[in-house]
Amino acid sequence: MSHDTLPPEASGIDPVGEDDFDVKAYGWEDWPTLVVFWALAFVVFLQFFSRYVIGSSVGWTEEIARYLLIVVGFLGSAMAARKNSHIAVEFFYRYMPGGVGRAMSMLVDIGRTVFYAAGVWISYGLAAKTNAMMVSIDVPKNVIYYIVMVGFLLMLVRSVQVTIRHWREGESELTTAKDR
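In terms of the UniProt record's numbering, the sequence shown has 88 at position 88, counting the first letter as 1, and numbering is strictly consecutive.
And the structure:
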């Protein structure tokens, strides 16, 4: 049977449309992250175009692209914290007895929350002490550090929400992974 004669479901095409866009799957913090991501894409394209097509690079694009990448990374991490999809070592949870796995999962939740709280505190202290200006544009560098602080704050809030959900349900995605 050739690829052309396969039924749509066998060829990987979704005839029902189950992969449709669902706005409920996204948090409010995802939208500013998307805007910053597209701003980053535009700046990188502008840098590429000006350097390789025009032959004269726009000076501020490299620095701004670097800062926009930092912003996307930290604001986008709030989405990963909300979905509880940050990197985890699931291997050990698969072979632990249920109670031990749940206890370890709760320790991970608490440790993650404490780490994000420390990140908020440290980035706030760093932003408050920074007086330097960006090299290519007249914007204080502490703006970036405050955005990093907001990213950590969003991750902290989402981590607390995930920890409460795990506490109420009595299990996490890590401990249910062995059932799959």
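C-beta atoms are modelled at their ideal positions from N, C-alpha and C, and glycine is treated no differently.
- Excluding the 5 residues flanking it on each side, Tyr116 has same chain C-beta neighbours closer than 7 Å at Phe152, Met155, Leu156 and Ser159, in chain order.
- Per DSSP, Ile87 lies in no alpha helix (DSSP H) and is assigned neither H nor E.
- Residues of the same chain with a CB within less than 7 Å of the CB of Ser77, apart from the 5 flanking positions on each side, are Gly151 and Met155 in chain order.
- By the C-beta criterion, the stretch 62-79 is judged to be in contact with the stretch 33-46, since at least 3 inter-stretch pairs fall below 8 Å.
- Put simply, the backbone Cα of Gly73 is about 26 Å away from that of Phe91.
- The Cβ-Cβ distance between Glu63 and Ser136 falls below 7 Å.
- Val43 and Thr61 have their alpha carbons spaced roughly 6 Å apart.
- The beta carbon of Gly111 sits closer than 8 Å to no other beta carbon from its chain once the five residues preceding and following it are set aside.
- Annotation for Pro32: the continuous alpha helix (DSSP H) segment containing it runs Asp30 to Phe48.
- The alpha-carbon separation between Glu171 and Ser85 amounts to approximately 15 Å.
- Tyr52 counts as exposed, since fewer than 16 other beta carbons sit within 10 angstroms of its beta carbon.
- Counting C-beta atoms within 10 angstroms of its own C-beta, Asp109 has 16 or more neighbours from the protein chains shown and is therefore classed as buried.
- Residue environment for Met133: exposed (fewer than 16 other C-beta atoms within 10 angstroms of its C-beta).
- Non-local beta-carbon contacts of Leu75 in its own chain, meaning distances under 8 Å to residues more than five positions away in sequence, involve Glu29, Pro32, Thr33, Val36, Ile147, Val150, Gly151 and Leu154 in chain order.
- Between the C-alpha atoms of Phe49 and Ser56 there is a straight-line separation of about 9 Å.
- If you ignore the 5 residues before and after Thr130, its C-beta comes within less than 8 Å of the C-beta of Pro140, Lys141, Asn142 and Tyr145, all in its own chain and listed in chain order.
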